[in-house]
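Numbering of the sequence shown is given in numbering that gives the first Met the number 0, commencing with residue 0 and proceeding in unit increments.
Virtual Cβ for every residue (Gly too), placed ideally from N, Cα, C.
Model, not experiment: these values are computed from the prediction.
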Amino acid sequence: MDGTENQTWRMEQDKLGAMSVPKNALYGINTARAAENFALDDRGVNPDLLTAIIQIKKAAAMTHRDLKIMEKEKTDAIIAACDSLLESRDYSAFITNHLQGGAGTSTNMNANEVIANLALVLSGHQPGEYHIISPLDDVNRSQSTNDVYPSALRIAAIGLVRRLADELSALQEELQRRENEFDHVLKLGRTELMDALPITVGQEFGAYAQAIARDRWRIYKVEERLRQLNLGGTAVGTGSNAQKKYTFRIMEYLREMTGFGLAIAEYPMDLTQNNDVFTEVSGLLKSVAVNLMKISNDLRLMNMGPGGGLAEISLAPMQQGSTIMPGKVNPVIPEMVTQVAIQVMANDTAITFCAASGQLELNAFMPLIADCLLESLQLLINGICIFREKAIRTLKVNEANCRNHLEHSLVLVTALAPVIGYDQAAKLQEECGGDMNRLKEIILERKLLTKERLEELLDYRNLTSYMK
């Protein structure tokens, strides 16, 4: 199992028969079977999910100690094992794949076995001596995968949601800083990629900041949806094999451990079988991804060039962009963020299908929901941080190019329309052939406007004043 040729083994037994396990391995027979059954790739279970599961196991042992449901010697050993894992974050004995059948049972069994065997070792015993500390009878007491796994996912998600809200806040602040910094820079606004009306670069970044502000608020509020846990509901949400006192006490310990405002589910069976809350959270992550992708694509367009494109902004050079074209530099940070956004959207689709595919009292596809949701959160947290630091904060505006595009556009024609009429303005545009200087000459020659009125219309600031 661990790649050594001269490994000594221990024999473990379950309902399916006997199986050899490496003698000193902290996992046991259930984990070994799962590792064989779900050998899809090298990806393990998300570490944040494992941390939350271990916290639940620790809280359960502390509760059993307080309620005198289990011998203090056992609970203290289990608590010590959990503390050791949480402190070291050494999850190398958690070898189940991130995708698995059984609604997360293999991950829960892996945790039970690792904690039991580590508790045995810390107590001076050998791994596998389950008559002393049992993975199922002791570590998993008063629990089921069906209340532990979704509760752990909610705890892990809350931690990441808070971090994401902080990153969105920092991105919003950086966009607002650039909004103020670039407020004086006039540029040509475009609709459907065609010349439209003047705006300022600051206004453009201000619009981005508003979109991210909405994302920030939505993400901040969605934590409320995740705070209710079905712990104590056990297998189907009815609380079989778990005392009421246990349910209340374990929640107190988890609130203390996590710092989160966790609560007992009003109807545990609901949270055991229904996963729409994870779909809701994922949908809001998709909204974040949509805005990030829009902003990233805008920056790539405005950065396009430098000689043959808009070149209204210059993104900071991060690395060489070509193995054949010397000097070429690509907008790699917005490209990366775009791919993050696409992955989050794809994860949302997977979560949606999984949540809708549950049957009766349980959803068998929780592992994919967990993996996709936590991946989306982590990608957005890291992606937004990089985007802010290496793109938004470091980009520069090319004021001369912005002004040049504006002055060679047909903005004046649009400004003329309310004064001389839409049809006549359109005819003048066709007559001048896009030459703005010729257009001005025609207007003055035909005395359609006075020179003073024409200069007033050419004051582009008048056309950008709405948001001021």
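By the three-class DSSP mapping on this structure, what secondary structure does residue i have?
{"i": "I68", "result": "coil"}
{"i": "R189", "result": "strand"}
{"i": "I154", "result": "helix"}
{"i": "L196", "result": "strand"}
{"i": "G2", "result": "Caution is warranted here: a pLDDT of 45 is assigned to G2, below 50, making its placement in the model unreliable, and the coordinate value is therefore given only provisionally. Coil."}
{"i": "E444", "result": "helix"}
{"i": "L359", "result": "coil"}
{"i": "R9", "result": "strand"}
{"i": "V328", "result": "coil"}
{"i": "I55", "result": "helix"}
{"i": "T463", "result": "helix"}
{"i": "S313", "result": "strand"}
{"i": "A390", "result": "helix"}
{"i": "G201", "result": "helix"}
{"i": "A24", "result": "coil"}
{"i": "A264", "result": "coil"}
Pull up the CB-CB distance for residue i and residue j, whole angstroms please, since I reckon it's below 8 Å.
{"i": "R213", "j": "I391", "result": "No, R213 and I391 are not in contact; Cβ-Cβ is about 17 Å, not under 8 Å."}
{"i": "V396", "j": "I312", "result": "5 Å"}
{"i": "L283", "j": "L394", "result": "Not a contact, Cβ separation roughly 27 Å."}
{"i": "L174", "j": "I211", "result": "6 Å"}
{"i": "I368", "j": "A345", "result": "The pair is not a contact, with the Cβ atoms about 14 Å apart (cut-off 8 Å)."}
Tell me whether the beta-carbon of residue i lies closer than 8 Å to the beta-carbon of residue j.
{"i": "C384", "j": "E166", "result": "yes"}
{"i": "S408", "j": "I350", "result": "no"}
{"i": "T30", "j": "D146", "result": "no"}
{"i": "V343", "j": "S375", "result": "yes"}
{"i": "Y219", "j": "A164", "result": "yes"}
{"i": "P134", "j": "N111", "result": "yes"}
{"i": "L85", "j": "I53", "result": "yes"}
{"i": "R226", "j": "A262", "result": "yes"}
{"i": "I45", "j": "L373", "result": "It is worth fixing the name first, because residue 45 is Asn in this sequence and not Ile. Yes, the Cβ-Cβ distance between N45 and L373 is below 8 Å."}
{"i": "L48", "j": "A80", "result": "no"}
{"i": "E406", "j": "M435", "result": "yes"}
{"i": "P305", "j": "Q99", "result": "no"}
Considering just the uninterrupted stretch of the beta strand (DSSP E) at residue i, what are its terminal residues?
{"i": "P21", "result": "G16 to P21"}
{"i": "M476", "result": "Absent from the structure is residue 476, since the part of the chain shown begins at 0 and ends at 467."}
With respect to the alpha helix (DSSP H) encompassing residue i, which residues constitute its N-terminal and C-terminal limits?
{"i": "D347", "result": "V331 to A355"}
{"i": "Q423", "result": "Y421 to C431"}
{"i": "S295", "result": "D275 to N302"}
{"i": "E406", "result": "E398 to E406"}
{"i": "S375", "result": "M365 to F386"}
{"i": "K450", "result": "K450 to L456"}
{"i": "T472", "result": "An answer regarding residue 472 cannot be provided, because it is not within the stretch 0 to 467 covered by the chain."}
>> Report the start-end ranges of each alpha helix (DSSP H) in the segment 77-126 that is 4 residues or longer and not cut off at the edges.
In response: You should have 104-121.
>> Which runs of the beta strand (DSSP E) at least 3 residues long sit entirely within the segment 206-248? Give them in chain order.
In response: Listed in chain order, the beta strand (DSSP E) runs fully inside the segment 206-248 amount to none, counting runs of at least 3 residues.
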